[in-house]
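K.L.:
Could you have a look at this structure, given as structure tokens, before my questions?
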Amino acid sequence: MRMIPELHDVGKLLGLKEHWFEDADKPPVSEGIDEETWLAIRYHGHERNMSKADQRMLNDARRLDKQASGPARRLWFVSLADGAAASVRVLASEDRAGLFPLGTQRLRLWRSLSAPKLIRPAEAERAHGRPTAGEKTQLLTHALSAKSWPQFCGSYEKLVNETPEDKNPLRAVTSLRSHCELVGKVYRLLDGSVASQVGKESGTLSLGGVRANNLKTAASSWSLCILRADVDIPQRPAHARDVGIFPDLLEAMSAVATDPSYAHHVLFTTSDALWLVLLPGQENRLEEILRPILDLGVVVNCTWRKSDFTNVRLPESEERAVSDRSHHFTVLPRLEEKIEAPLCEICQLREGKPREPEYGPGVVEVICDACYVQREKERFSKLGKWDEGPVLWCRVALEADGLIEHVQTLYKKYLEGLCYEDGSRGLQDDKGNPVDIGRCVADLQPAALLVDYTEDYKHFLAKFWCRTLSELESAGVNVNQEVEQITRLPDGTSDLFAVKLDIEGIPDGLLDVFVDCLTEWFPESAKRADCPVRVGLSVGHAKHPFFLHWDRLKELGRTVNLFSPARRPVNLSLSQFKAVRGLAESSEFGRSYLHDLAEIERRTGSSIMVEVKLIDDGKSRALEALRNERVSMADVLGYQSVASAGPPKEGVMG
Amino acid sequence: MIRFWEYELTSDLLCIGERIKKGLVRPCVKTIPYSTITGALRQEVLGVPSWQQVGHAVGFLEEGYSEVTFVGGPQDAATGVSKLPLTVFALANVRGKVFIVYDEHTKDLDPKLQFSMGALKSKGFGRVCLRRVGERPIEVDPDGCVLGRLRTRIPESLLLTFGITPPAIKPVYGYLFKPTSDTGGVWVRSLFQGSIVRAPALLVDGR
Numbered sequence: 108m109r110m111i112p113e114l115h116d117v118g119k120l121l122g123l124k125e126h127w128f129e130d131a132d133k134p135p136v137s138e139g140i141d142e143e144t145w146l147a148i149r150y151h152g153h154e155r156n157m158s159k160a161d162q163r164m165l166n167d168a169r170r171l172d173k174q175a176s177g178p179a180r181r182l183w184f185v186s187l188a189d190g191a192a193a194s195v196r197v198l199a200s201e202d203r204a205g206l207f208p209l210g211t212q213r214l215r216l217w218r219s220l221s222a223p224k225l226i227r228p229a230e231a232e233r234a235h236g237r238p239t240a241g242e243k244t245q246l247l248t249h250a251l252s253a254k255s256w257p258q259f260c261g262s263y264e265k266l267v268n269e270t271p272e273d274k275n276p277l278r279a280v281t282s283l284r285s286h287c288e289l290v291g292k293v294y295r296l297l298d299g300s301v302a303s304q305v306g307k308e309s310g311t312l313s314l315g316g317v318r319a320n321n322l323k324t325a326a327s328s329w330s331l332c333i334l335r336a337d338v339d340i341p342q343r344p345a346h347a348r349d350v351g352i353f354p355d356l357l358e359a360m361s362a363v364a365t366d367p368s369y370a371h372h373v374l375f376t377t378s379d380a381l382w383l384v385l386l387p388g389q390e391n392r393l394e395e396i397l398r399p400i401l402d403l404g405v406v407v408n409c410t411w412r413k414s415d416f417t418n419v420r421l422p423e424s425e426e427r428a429v430s431d432r433s434h435h436f437t438v439l440p441r442l443e444e445k446i447e448a449p450l451c452e453i454c455q456l457r458e459g460k461p462r463e464p465e466y467g468p469g470v471v472e473v474i475c476d477a478c479y480v481q482r483e484k485e486r487f488s489k490l491g492k493w494d495e496g497p498v499l500w501c502r503v504a505l506e507a508d509g510l511i512e513h514v515q516t517l518y519k520k521y522l523e524g525l526c527y528e529d530g531s532r533g534l535q536d537d538k539g540n541p542v543d544i545g546r547c548v549a550d551l552q553p554a555a556l557l558v559d560y561t562e563d564y565k566h567f568l569a570k571f572w573c574r575t576l577s578e579l580e581s582a583g584v585n586v587n588q589e590v591e592q593i594t595r596l597p598d599g600t601s602d603l604f605a606v607k608l609d610i611e612g613i614p615d616g617l618l619d620v621f622v623d624c625l626t627e628w629f630p631e632s633a634k635r636a637d638c639p640v641r642v643g644l645s646v647g648h649a650k651h652p653f654f655l656h657w658d659r660l661k662e663l664g665r666t667v668n669l670f671s672p673a674r675r676p677v678n679l680s681l682s683q684f685k686a687v688r689g690l691a692e693s694s695e696f697g698r699s700y701l702h703d704l705a706e707i708e709r710r711t712g713s714s715i716m717v718e719v720k721l722i723d724d725g726k727s728r729a730l731e732a733l734r735n736e737r738v739s740m741a742d743v744l745g746y747q748s749v750a751s752a753g754p755p756k757e758g759v760m761g
Numbered sequence: 009m010i011r012f013w014e015y016e017l018t019s020d021l022l023c024i025g026e027r028i029k030k031g032l033v034r035p036c037v038k039t040i041p042y043s044t045i046t047g048a049l050r051q052e053v054l055g056v057p058s059w060q061q062v063g064h065a066v067g068f069l070e071e072g073y074s075e076v077t078f079v080g081g082p083q084d085a086a087t088g089v090s091k092l093p094l095t096v097f098a099l100a101n102v103r104g105k106v107f108i109v110y111d112e113h114t115k116d117l118d119p120k121l122q123f124s125m126g127a128l129k130s131k132g133f134g135r136v137c138l139r140r141v142g143e144r145p146i147e148v149d150p151d152g153c154v155l156g157r158l159r160t161r162i163p164e165s166l167l168l169t170f171g172i173t174p175p176a177i178k179p180v181y182g183y184l185f186k187p188t189s190d191t192g193g194v195w196v197r198s199l200f201q202g203s204i205v206r207a208p209a210l211l212v213d214g215r
């Protein structure tokens with residue numbers, strides 16, 4: 108049997124400090140027992156605090172044979188992958204700051220930044236105790252007889268999900284499951300990429316032409332690249348029935364993430380981005396990996412970062428990366444320099460061909476081959492029938508750009524709030540000296556943390572979708588006839604859908620559902636202006652060109668984003684949204700009064716004169732919102748118009 | 009060194025239509041593409057056909073315009089009745105900037121230019137007034153380019169004409185029409201607004 112690298116940390120399921128069975132003997136070899144997985148469990152750990160005898164055994168286990176092809180090779184890979192997938196840089200000096208009590212579940216920083224009180228390292232033995240022989244044997248037997256990681260997880264589902272990667276406060280923020288699965292991915296990539304070279308006494312291993320004869324050299328001289336691939340849809344379909352690119356893109360992203368040849372490259376996905384890991388020599392594979400996506404004619408903007416295995420860095424936000432061109436590039440679909448024939452009326456990017464009249468004699472459409480295939484699928488039968496009245500387009504997204512900075516901020520806040528059982532506050536090392544929080548944040552390797560974030564986002568989305576349907580139903584919408592799912596995620600939910608409305612304006616209930624679900628799943632993220640979970644709602648006439656909705660919905664700048672044609676867009680953080688809504692719905696603020704205030708604001712370019720007018724008019728209740736949340740009267744007016752929109756300003760053309 | 013005439017554009021009502029066929033709603037572009045302003049410059053100011061490669065200009069709109077809609081429709085020639093209501097978007101109270109490449113053909117341009125551009129000119133849309141800023145053309149050093157989001161639409165083949173360093177760092181591609189005769193033309197690959205490029209500061213939103 109081959110090593111199951113995901114099981115290397117199985118000892119952590121005992122909930123204790125020790126986890127790699129430091130003093131355990133090799134279990135009796137019997138049928139079905141996986142010896143290599145045993146090696147991964149026993150010898151993947153770091154050298155710190157080991158006895159000399161144990162150190163010798165570890166070195167023996169990791170010594171490469173002449174062909175460099177035996178179990179030691181795979182032990183290298185599991186150790187390297189473990190370091191790369193850890194939530195904090197390997198051997199971060201601050202990881203002796205203390206431990207959380209026995210039974211502490213992993214901390215979801217986006218839900219709460221408060222944590223249990225820390226136990227000093229010296230008291231950890233007393234607080235954590237040691238596992239009994241029976242407990243150890245039972246767990247080991249299950250692990251070593253498992254045929255695969257999913258099979259093992261089937262028996263330990265909840266425990267694997269809720270056990271933190273470590274009881275150490277620096278690492279207790281990620282789930283053991285995400286950590287182990289990342290280790291599995293990196294392990295398999297290494298196994299497929301590292302070349303063994305024969306040596307006289309012991310062989311060497313080589314990655315991307317860089318040879319290493321010991322693990323330490325490999326960790327510091329081999330590199331890996333984390334790449335974020337942001338998908339941009341350049342097509343500009345005007346008609347709702349032509350929006351097939353969205354489900355196709357979702358399908359293609361899912362195909363990449365689940366294809367056995369590429370799945371190990373995919374760390375995780377967000378709404379329109381894939382996060383990939385590539386090893387040296389695999390750069391040319393990128394186009395192959397992205398092929399199902401590129402074949403749809405979309406543009407892929409890539410931001411990447413290279414690092415060694417001791418401190419894995421993730422790509423920065425796009426804004427920072429583009430200023431350094433060497434870390435940013437774009438993979439384009441085939442776009443001709445010049446097109447002589449008419450352009451495709453749907454995507455406006457390829458040569459169109461006149462097609463058979465579809466709506467009767469005299470109607471000819473010029474459509475390219477790719478868009479024609481989409482058109483023929485006729486996936487959106489409901490949309491095609493909506494000729495009159497308003498339609499609401501809703502997009503919920505987890506924005507990839509800025510996600511790392513967001514979790515780093517949460518992590519910093521969490522570390523700053525930690526305290527010990529004895530009441531002392533602030534993170535301290537084993538000698539009681541304060542730990543540099545900034546350095547801890549710099550040591551964060553957020554891949555596993557982001558995997559956990561995206562997992563919770565899926566749960567959030569499922570809840571949002573379910574509650575949205577109930578809300579629409581209770582508002583009298585026939586969800587079978589008047590809701591069209593543009594995207595359909597594997598669990599049946601949707602993050603882009605359209606609703607046929609009876610009246611203009613964005614239904615209040617839908618916003619309430621979003622606010623409730625966001626506050627339930629991401630309360631700490633929701634408090635922040637850079638919250639990456641966002642909603643965009645765009646309402647317009649059924650015949651309003653789709654690409655105008657999409658122009659607004661594709662980049663959701665803030666948490667709540669509301670749009671209506673010919674009206675001022677409203678982009679607000681959650682707290683601003685609550686303040687704006689409170690003011691807009693107040694009987695004190697009629698529309699003409701808001702117009703007056705917005706005009707004063709526009710003319711003076713500041714809110715001071717607005718404040719003066721509010722005080723003069725005895726409406727100082729609004730001052731708090733203006734000052735604390737920095738909302739503008741134009742936002743309040745904008746919200747009022749969009750949420751209860753009448754027809755837009757209109758003239759008649761002769 | 010590249011030199012531009014800088015003009016301030018004002019218009020009461022401007023409708024530069026998005027390229028969209030059929031449909032009952034006609035949205036408008038919220039910038040001034042190369043093809044629109046250059047075509048108008050050639051025909052209305054320089055007096056040459058729009059396909060003649062003389063004179064190059066781009067522009068963009070400043071915030072502050074309002075978006076308005078008009079309902080009308082193609083009329084039946086015999087009855088004068090519109091069979092289908094067509095909603096057209098346009099921009100009112102428009103202010104913007106236009107940059108005309110200074111060369112032998114444009115060196116003597118008037119400080120004040122007035123002409124029509126865009127869609128629905130016969131209905132009174134698109135009358136624009138351009139007032140020159142300064143007596144001398146602006147000089148742009150291509151070495152002094154900055155990184156930012158492009159504010160207009162420019163054919164890729166003309167990037168250097170406007171001091172933009174190809175290739176774009178993060179392109180947003182589309183196609184602009186390039187007339188090649190009085191009756192025909194081709195579609196050329198172009199950078200659209202929002203592309204991240206290294207360009208003269210006057211053509212981009214700073215980052």
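Protein chains in written order, with the numbering used here: chain A, 108 to 761; chain B, 9 to 215.
Just so it is clear, CB atoms sit at the ideal spot from N, CA and C, and this is done for glycine as well.
(1) Is the region 163 to 182 of chain A touching the region 532 to 549 of chain A, taking contact as three or more C-beta pairs under 8 Å?
(2) Starting from the Cα of B/Lys105, find the closest Cα among B/Val205, B/Asp111 and B/Pro41 and give me that residue.
(3) Classify A/Lys756 as buried or exposed, calling it buried when 16 or more other Cβ atoms lie within 10 Å of its own Cβ.
(4) At a Cβ threshold of 8 Å, is A/Leu669 touching chain B?
(5) Expressed to the nearest angstrom, what Euclidean distance is found between the alpha-carbon atoms of A/Gly599 and B/Glu75?
(6) Pick helix, strand or coil for B/Asp151, following the three-state DSSP scheme.
(7) Under the assumption that A/Thr437 contacts A/Val473 (Cβ atoms under 8 Å), give the Cβ distance between them as a whole number of angstroms.
(8) Pairs of beta-carbons, one from the region 317 to 330 of chain A and one from the region 182 to 190 of chain A, closer than 8 Å: are there three or more?
(9) Can you tell me which of B/His113, B/Leu167, B/Gln60 and B/Val79 puts its alpha carbon nearest to the alpha carbon of B/Ser189?
(10) Would you say A/Arg335 and A/Cys451 are within 8 Å of each other, going by their C-beta atoms?
(11) Comparing C-alpha positions only, which one of B/Glu71, B/Pro175 and B/Thr95 sits nearest to B/Gly25?
(12) In the DSSP assignment, find the unbroken alpha helix (DSSP H) run with A/Pro257 in it and report its ends.
(13) Candidates A/His371, A/Arg392, A/Asn585 and A/Leu356: which alpha carbon is nearest A/Val338's?
(14) Just how far apart, CA to CA, sit B/Val194 and B/Gln122?
(15) Is the Cβ of B/Ile177 closer than 8 Å to any Cβ of chain A?
(16) When burial is assigned at 16 or more other CB atoms within 10 Å of the CB, is A/Asp723 buried or exposed?
(17) How many angstroms separate the CA atom of B/Cys23 from the CA atom of A/Tyr560?
(18) Should the region 374 to 384 of chain A be regarded as contacting the region 282 to 299 of chain A, the criterion being three or more beta carbon pairs within less than 8 Å?
(19) Hey, is B/Pro35's beta-carbon within less than 8 Å of any beta-carbon in chain A?
(20) Can you find at least 3 beta carbon pairs, one from the region 654 to 664 of chain A and one from the region 701 to 710 of chain A, that sit closer than 8 Å?
(21) Answer with buried or exposed for A/Pro112, where buried requires no fewer than 16 other C-beta atoms within 10 angstroms of its C-beta.
(22) At the level of alpha carbons, what is the spacing between A/Asn418 and A/Leu187?
(23) Hey, could you find the ends of the alpha helix (DSSP H) A/Val586 is sitting in?
(24) Do A/Pro399 and A/Arg595 have their beta-carbon atoms positioned less than 8 Å apart in this structure?
(25) Please name the residue or residues paired with B/Phe185 in a DSSP beta bridge.
(26) Among A/Gly388, A/Ala193 and A/Ala750, which has the Cα closest to the Cα of A/Ile613?
(27) In terms of alpha-carbon separation, which member of A/Leu277, A/Glu308, A/Ser645 and A/Asn735 lies closest to A/Ser680?
(28) With a threshold of 8 Å, are at least 3 pairs of Cβ atoms found where one atom belongs to the region 503 to 515 of chain A and the other to the region 476 to 488 of chain A?
(29) Between A/Ala229 and A/His286, is the Cβ-Cβ spacing less than 8 Å?
(30) Could you check whether the Cβ of B/Asp196 sits closer than 8 Å to any Cβ belonging to chain A?
(31) Which ranges does the beta strand (DSSP E) cover as unbroken runs of at least 3 residues, wholly within the region 575 to 633 of chain A, from first to last along the chain?
(32) Along the alpha helix (DSSP H) that carries A/Ser748, what are the first and last residues, could you check?
(33) Using the C-alpha atoms, what's the distance from A/Asn678 back to A/Phe259?
(34) Put A/Asn668 into one of helix, strand or coil per three-state DSSP.
(35) Pick helix, strand or coil for A/Phe436, following the three-state DSSP scheme.
(36) Alpha carbon to alpha carbon, how far is B/Asp111 from B/Gly126?
P.N.:
In short, the structure shows the following:
(1) No, the region 163 to 182 of chain A is not in contact with the region 532 to 549 of chain A.
(2) Numbered from 1 along the second sequence, position 97 holds the residue referred to as residue 105 of chain B. Out of B/Val205, B/Asp111 and B/Pro41, B/Pro41 has the C-alpha closest to the C-alpha of B/Lys105.
(3) Stepping through the first sequence from its first residue, residue 756 of chain A is reached at position 649. Low local confidence applies: a pLDDT of 41 at A/Lys756 is under 50, so the model's placement there is unreliable, with the coordinate-based value given in what follows. Flag for A/Lys756 reads exposed.
(4) Along the first sequence, read from residue 1 onward, the residue named residue 669 of chain A stands at position 562. False, the Cβ-Cβ gap to chain B never drops below 8 Å.
(5) Residue numbering aside, residue 599 of chain A sits at position 492 when the first sequence is read from its first letter. Residue numbering aside, residue 75 of chain B sits at position 67 when the second sequence is read from its first letter. Looking at the two C-alpha atoms, the distance is approximately 38 Å.
(6) The count along the second sequence starts at 1 and reaches residue 151 of chain B at position 143. Reduced to three states, the DSSP call for B/Asp151 is helix.
(7) Counted from its first residue, the first sequence places residue 437 of chain A at position 330. Counted from its first residue, the first sequence places residue 473 of chain A at position 366. No, A/Thr437 and A/Val473 are not in contact; Cβ-Cβ is about 28 Å, not under 8 Å.
(8) Flag = yes, the region 317 to 330 of chain A and the region 182 to 190 of chain A touch.
(9) If you number the second sequence from 1, residue 189 of chain B lands on position 181. For the residues B/His113, B/Leu167, B/Gln60 and B/Val79, the minimum Cα distance to B/Ser189 belongs to B/Gln60.
(10) Position 228 of the first sequence, counting from 1, holds the residue named residue 335 of chain A. Position 344 of the first sequence, counting from 1, holds the residue named residue 451 of chain A. Cβ distance not < 8 Å, so A/Arg335 and A/Cys451 don't count as in contact.
(11) The residue given as residue 25 of chain B occupies position 17 in the second sequence. The shortest C-alpha separation from B/Gly25 is found at B/Thr95.
(12) For this step, residue 257 of chain A is matched to residue 150 along the first sequence. Counting along the chain, the alpha helix (DSSP H) containing A/Pro257 begins and ends at Trp256 to Glu269.
(13) The sequence position of residue 338 of chain A within the first sequence is 231, counting from 1. Residue A/Leu356 is the option with its Cα nearest to A/Val338.
(14) One-based indexing of the second sequence puts residue 194 of chain B at position 186. One-based indexing of the second sequence puts residue 122 of chain B at position 114. Rounded to the nearest angstrom, the gap between the Cα atoms of B/Val194 and B/Gln122 is 28 Å.
(15) To locate residue 177 of chain B, count along the second sequence from 1; it is residue 169. Taking Cβ atoms only, chain A reaches closer than 8 Å to B/Ile177, which makes this a yes.
(16) Residue 723 of chain A sits at position 616 when you count from the first residue of the first sequence. When all chains shown are included, A/Asp723 counts as exposed.
(17) Locating residue 23 of chain B in the second sequence gives position 15, where the first residue counts as 1. Locating residue 560 of chain A in the first sequence gives position 453, where the first residue counts as 1. So the two alpha carbons sit approximately 45 Å from each other.
(18) By the Cβ criterion, the region 374 to 384 of chain A is in contact with the region 282 to 299 of chain A, since at least three pairs of Cβ atoms, one from each stretch, lie closer than 8 Å.
(19) Start at 1 with the first residue of the second sequence, and residue 35 of chain B comes out as number 27. Using a Cβ-Cβ cut-off of 8 Å, B/Pro35 counts as an interface residue toward chain A, since at least one Cβ of chain A sits closer than that to its own.
(20) no
(21) Indexing the first sequence from 1 puts residue 112 of chain A at position 5. A/Pro112 should be labelled buried.
(22) If you number the first sequence from 1, residue 418 of chain A lands on position 311. If you number the first sequence from 1, residue 187 of chain A lands on position 80. Near 11 Å, if we compare the C-alpha coordinates of A/Leu187 and A/Asn418.
(23) By 1-based counting over the first sequence, the position of residue 586 of chain A is 479. Its alpha helix (DSSP H) spans residues Val586 to Glu589.
(24) As a first step, residue 595 of chain A must be located in the first sequence, where it is residue number 488. As a first step, residue 399 of chain A must be located in the first sequence, where it is residue number 292. Contact flag unset, no.
(25) Taking the first residue of the second sequence as position 1, residue 185 of chain B is located at position 177. B/Phe185 pairs with B/Trp195.
(26) As a working note, residue 613 of chain A is residue 506 in the first sequence. Of the listed residues, the one whose Cα sits closest to A/Ile613 is A/Ala750.
(27) Position 573 of the first sequence, counting from 1, holds the residue named residue 680 of chain A. Of A/Leu277, A/Glu308, A/Ser645 and A/Asn735, the residue nearest in Cα terms is A/Asn735.
(28) In this structure the region 503 to 515 of chain A does not lie against the region 476 to 488 of chain A, because fewer than three pairs of beta carbons, one per stretch, are closer than 8 Å.
(29) Working through the first sequence from its first residue, we reach residue 229 of chain A at position 122. Working through the first sequence from its first residue, we reach residue 286 of chain A at position 179. No. Outside cutoff.
(30) Position 188 of the second sequence, counted from the first residue, corresponds to residue 196 of chain B. The sequence shown places Val at residue 196 of chain B, rather than the Asp named in the question. At least one chain A Cβ lies under 8 Å of B/Val196.
(31) 590 to 592 and 603 to 607
(32) What you label residue 748 of chain A is simply residue 641 of the first sequence in a count that begins at 1. Taken as a continuous stretch (DSSP letters only), the alpha helix (DSSP H) holding A/Ser748 covers Met740 to Ala750.
(33) For the purposes of this step, residue 259 of chain A is taken as residue 152 along the first sequence, with counting starting at 1. For the purposes of this step, residue 678 of chain A is taken as residue 571 along the first sequence, with counting starting at 1. One Cα belongs to A/Phe259, the other to A/Asn678, and the distance between them is close to 46 Å.
(34) On the first sequence, residue 668 of chain A is found 561 positions in, with the first residue counted as 1. Secondary structure of A/Asn668 (DSSP, three-state): strand.
(35) For the purposes of this step, residue 436 of chain A is taken as the residue at position 329 of the first sequence. Strand, per DSSP.
(36) For this step, residue 111 of chain B is matched to residue 103 along the second sequence. For this step, residue 126 of chain B is matched to residue 118 along the second sequence. About 25 Å.
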